[in-house]
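Colleague:
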Amino acid sequence: MSVATGERVIEFRDALREAMSEEMRKDTRVFLLGEEVAQYDGAYKVSKGMLDEFGERRVIDTPISESGFSGMAIGAAMRGLRPIVEFMSWSFSLVAA
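Read in the numbering used here, the sequence shown has 55 at position 70, and its numbers run on one by one without any break.
#1: For the beta strand (DSSP E) containing R67, list its first residue and its last residue.
#2: Give me the Cα-Cα distance between M57 and A81, rounded to the nearest whole angstrom.
#3: For I69, count neighbouring Cβ atoms within 10 angstroms of its own Cβ and tell me buried if that reaches 16, exposed if not.
#4: Sort R10, D12, I45 by Cα distance to Q24 and report the nearest one.
#5: Of the choices S78, T13, F(-3), whose alpha-carbon is the least far from that of G53?
#6: Under the DSSP definition of a beta bridge, which residues are partnered with I49?
#7: Cα-Cα, which of E(-4), G(-9), V15 is closest to E41?
#8: In chain order, what residues of the same chain have a beta carbon less than 7 Å from the beta carbon of E8, not counting five sequence neighbours either side?
#9: Jot down the residue ranges of each uninterrupted beta strand (DSSP E) in the stretch -8 to 58, minimum 3 residues, whole runs only, in chain order.
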């Protein structure tokens, strides 16, 4: 906590993890997919502990194929699911879908 303002200060990746986990707890249609997000906890450890909490059906490791897993997420969203896609690097998203 910041002493001056009383606000909690956390790292950006921890804020992302908290937000994703909160949504996944509220809605079973929400799931996370991307390279190394499950077993390795994400390249930057954003998804640390999420596999243990939500299981392998909702935290999904994908092959190195941005167009493949972004296409999978698009299809899932079209069927009513709520995918969260993690790209290891934002620049890879430019070649996806």
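Using N, Cα and C, we set each Cβ at its ideal position, and we do this for glycine too.
Modeller: Reading from the atomic positions:
#1: 67 to 71
#2: 11 Å
#3: buried
#4: I45
#5: S78
#6: I49 pairs with nothing; no bridge assigned.
#7: V15
#8: V15
#9: 15 to 19, 44 to 46
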